[in-house]
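Read in order, the letters of the sequence shown correspond to residues 23 to 609 in my numbering. C-beta: ideal position from N, C-alpha, C; glycine also. The structure appears below as structure tokens.
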Amino acid sequence: MQHHQMTMQQQPPPPPPPPLPPPLQQQQQQQQQRYAPQGPPPMRSFSPSGYPPQFIQASYRQERFRQPNFHKNSMEKDGGVINHPKLAVLQIEKGPRAPYPGPQMGSGGPPPPPMGMRAGGPGVPPHGYPANSKTRESGTSSMPRTGISPGMPPPGMQGPLDRKRAANEARAPQQISKPKKKKKIADKILPQKVRDLVPESQAYMDLLAFERKLDATIMRKRLDIQEALKRPMKQKRKLRIFISNTFTPGKPEGEDGEESVSSWELRVEGRLLDDAASSKLSDANKVKRKFSSFFKSLVIELDKDLYGPDNHLVEWHRTPNTQETDGFQVKRPGDNNVKCTVLLMLDYQPMQFKLDQRLARLLGMHTQTRPVIINALWQYIKTHKLQDPHEREYINCDRYLEQIFECKRMKFAEIPSKLHPLLMAPDPIVINHIIVGPSVYNRDRKSVDRMDGPDAKKTACYDIDVEVDDTLKQQMNSFLLSTQSQQEIATLDNKIHETVETINQLKINREFFLSFAKDPLEFINNWLISQTRDLKTMTDIVGNPEEERRADYYYQPWVQEAVCRYFYGKVQQRRLELEQALGIRNA
23 MQHHQMTMQQ
33 QPPPPPPPPL
43 PPPLQQQQQQ
53 QQQRYAPQGP
63 PPMRSFSPSG
73 YPPQFIQASY
83 RQERFRQPNF
93 HKNSMEKDGG
103 VINHPKLAVL
113 QIEKGPRAPY
123 PGPQMGSGGP
133 PPPPMGMRAG
143 GPGVPPHGYP
153 ANSKTRESGT
163 SSMPRTGISP
173 GMPPPGMQGP
183 LDRKRAANEA
193 RAPQQISKPK
203 KKKKIADKIL
213 PQKVRDLVPE
223 SQAYMDLLAF
233 ERKLDATIMR
243 KRLDIQEALK
253 RPMKQKRKLR
263 IFISNTFTPG
273 KPEGEDGEES
283 VSSWELRVEG
293 RLLDDAASSK
303 LSDANKVKRK
313 FSSFFKSLVI
323 ELDKDLYGPD
333 NHLVEWHRTP
343 NTQETDGFQV
353 KRPGDNNVKC
363 TVLLMLDYQP
373 MQFKLDQRLA
383 RLLGMHTQTR
393 PVIINALWQY
403 IKTHKLQDPH
413 EREYINCDRY
423 LEQIFECKRM
433 KFAEIPSKLH
443 PLLMAPDPIV
453 INHIIVGPSV
463 YNRDRKSVDR
473 MDGPDAKKTA
483 CYDIDVEVDD
493 TLKQQMNSFL
503 LSTQSQQEIA
513 TLDNKIHETV
523 ETINQLKINR
533 EFFLSFAKDP
543 LEFINNWLIS
553 QTRDLKTMTD
563 IVGNPEEERR
573 ADYYYQPWVQ
583 EAVCRYFYGK
593 VQQRRLELEQ
603 ALGIRNA
């Protein structure tokens, strides 16, 4: 494999660095002797406590407030020369470069660099390259260690900031799956500062107050409607029943040998009569009920002498699978008048009961539901002051209640059980009808007329009272089940919340730039103080704010070494980024 060569061109040396304090000069001499190329010294154990704690804090502080484009500006300045008294003059030309071999883990070797720095090779101090040095390297390329990002410390040497960063990255997928925050009414209110800046926003606040009143009114009406729907909402209507019969004469035996017998057909139909209130409703809102839906059972009893004991009853009873119909019809042979009785049992919803004759006279009702009967009995007890004044759960019966319930005293809890034998099934509606045959006696002419053919139809009408659901109940149900308006309101609410959030963000941006424009120095100082406080909270660093706010604190001996180590780490990171950009790989 053919390798490119890399040459290190020597640049004019930088100006001499300022003299270091005696402790640092002695430490530097020890490091140069330790990293001398004549042979690896025995390896010493590394202890983080060997470095001053101020250095650790300064490293995190510099990491927090670094400039984003620092590496770019530093490397591009002066043709790739980094002007620092402690760093070597470095210029990279085209061609691969071999990495510095790191310290071998064994019986000897230099200690590893501090946190945030990558280890160099023998003869390379942790804070930079020796000045005026020229190194010849092989054509192999360097590769970063697996699982370690450029410029990042190894897993075993991570600090609190690195551990928090890794924990935040691990929690990122969980935060994505969290449900959205529920919007609140208070999120739609504009801050007072925005209202002061924009006087027109008062119109929005007025609309917001009106919206709250409107929402409260609608919610109260919804609750009222829900309570009203729990109670039976019935209205009395007239049901007109049509009972008609037609006669079909028989045919004599003809040439074809067919002979038919005379027969009649009875039809029972009905419909609701439209009153003035219901006629105002549009036809689209009307729901036509089938005739059979008003009844629980229907029985037609014919003349037993004519049709015998086995064929004189026609019955219909409601079942769970019953199909509703508009009428009933019965067809039988015969040409004589037939007496019939139609029994109709109304389907009461809710169930109604017929009261005992004595209790009906006492309460003034014939057929009613159980709750209405109990309420009427309670009103009678209160009116006549039959409740015991000392034992309130007892009722002292008067002579009428004593005859009905057959006791002089009873408890409130005993009323339902004592009412049960006094309530019976309601009476059916009985209609007596005569099925007219083909012969009709005309009294005016004193003669008998023959009415033959299917057109000879006789109809009788009967009106009965029935209870139907109030038409308003259907409108109430439609109002409660309507979701179209709710979806539209929710969409508009989301738009309002988003607009208010945008306004709040713009307000924050305005305050940010306005405070910077008024006093840039004070703004930057306050911002640095705030960021430093946040950094200490994140990294759990405990410092002395009183010492840190003084300039003398940053002229201590450890600051020079901390700066060198910080720049060394950045140079290492930049070098690895350039190697990756140039496609340098190990052979």
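{"Item": "Does the region 543-558 come within contact of the region 234-242, defined as at least 3 CB pairs closer than 8 Å?", "Value": "no"}
{"Item": "State the CB to CB distance for the pair Asp491 and Met255, rounded to an integer number of angstroms; the pair is presumed to be in contact (CB under 8 Å).", "Value": "7 Å"}
{"Item": "Check for me: the alpha helix (DSSP H) holding Gln371 runs from which residue to which?", "Value": "Run containing Gln371: none; DSSP gives neither H nor E here."}
{"Item": "Anyone know if the C-beta pair for Phe313 and Thr344 falls short of 8 Å?", "Value": "no"}
{"Item": "Leaving out five residues on either side along the sequence, give the residues of the same chain with a beta carbon under 7 Å from the beta carbon of Lys210.", "Value": "Leu230, Ile518, His519, Val522"}
{"Item": "With 16 as the cutoff for other CB atoms within 10 Å, does Arg158 come out buried or exposed?", "Value": "Legend: pLDDT at Arg158 = 39, less than 50; position of this residue unreliable, value from coordinates given subsequently. Exposed: under 16 other Cβ atoms inside 10 Å."}
{"Item": "Anyone know if the C-beta pair for Lys206 and Lys529 falls short of 8 Å?", "Value": "no"}
{"Item": "State the Cα-Cα distance for the pair Phe317 and Asp369, rounded to the nearest angstrom.", "Value": "5 Å"}
{"Item": "Would you mind reading off the limits of the alpha helix (DSSP H) that contains Arg532?", "Value": "506-540"}
{"Item": "Strictly by DSSP, which residues pair up with Arg431?", "Value": "Asn418"}
{"Item": "Provide the residue span of the beta strand (DSSP E) that contains Ile437, from first to last.", "Value": "Not the beta strand (DSSP E): Ile437 falls in the alpha helix (DSSP H), residues 437-441."}
{"Item": "Leu445: buried (16+ other C-beta within 10 angstroms of its C-beta) or exposed?", "Value": "buried"}
{"Item": "What are the boundary residues of the alpha helix (DSSP H) that includes Ser223?", "Value": "223-252"}
{"Item": "For the putative contact between Ser266 and Lys480, defined by C-beta atoms under 8 Å, what is the C-beta separation to the nearest angstrom?", "Value": "6 Å"}
{"Item": "Would you check if the region 417-428 and the region 375-388 touch, i.e. whether three or more CB-CB distances between them fall below 8 Å?", "Value": "yes"}
{"Item": "Is it buried or exposed for Gly605, if we count other Cβ within 10 angstroms and need 16 for buried?", "Value": "exposed"}
{"Item": "Could you please give me the residues that DSSP links to Gln409 through a beta bridge?", "Value": "Ile417"}
{"Item": "If we count Cβ pairs, one from each stretch, closer than 8 Å, do we get three or more for the region 350-360 versus the region 279-294?", "Value": "yes"}
{"Item": "Output needed for Thr513: all residues of its chain with C-beta closer than 8 Å, excluding positions within five of it in sequence on either side, in chain order.", "Value": "none"}
{"Item": "Taking buried to mean at least 16 other C-beta atoms within 10 Å of its own C-beta, is Leu251 buried or exposed?", "Value": "exposed"}
{"Item": "Run through the DSSP bridge pairs and tell me what Val336 is partnered with.", "Value": "Ile322"}
{"Item": "Looking at the secondary structure, which residues open and close the beta strand (DSSP E) in which Ser284 lies?", "Value": "Careful: Ser284 lies outside any beta strand (DSSP E) and carries neither H nor E."}
{"Item": "Can you tell me where the alpha helix (DSSP H) with Gly591 in it begins and where it stops?", "Value": "579-604"}
{"Item": "In whole angstroms, what is the alpha-carbon distance linking Pro331 and Ile395?", "Value": "40 Å"}
{"Item": "Consult DSSP for Thr363 and reduce its assignment to one of helix, strand or coil.", "Value": "strand"}
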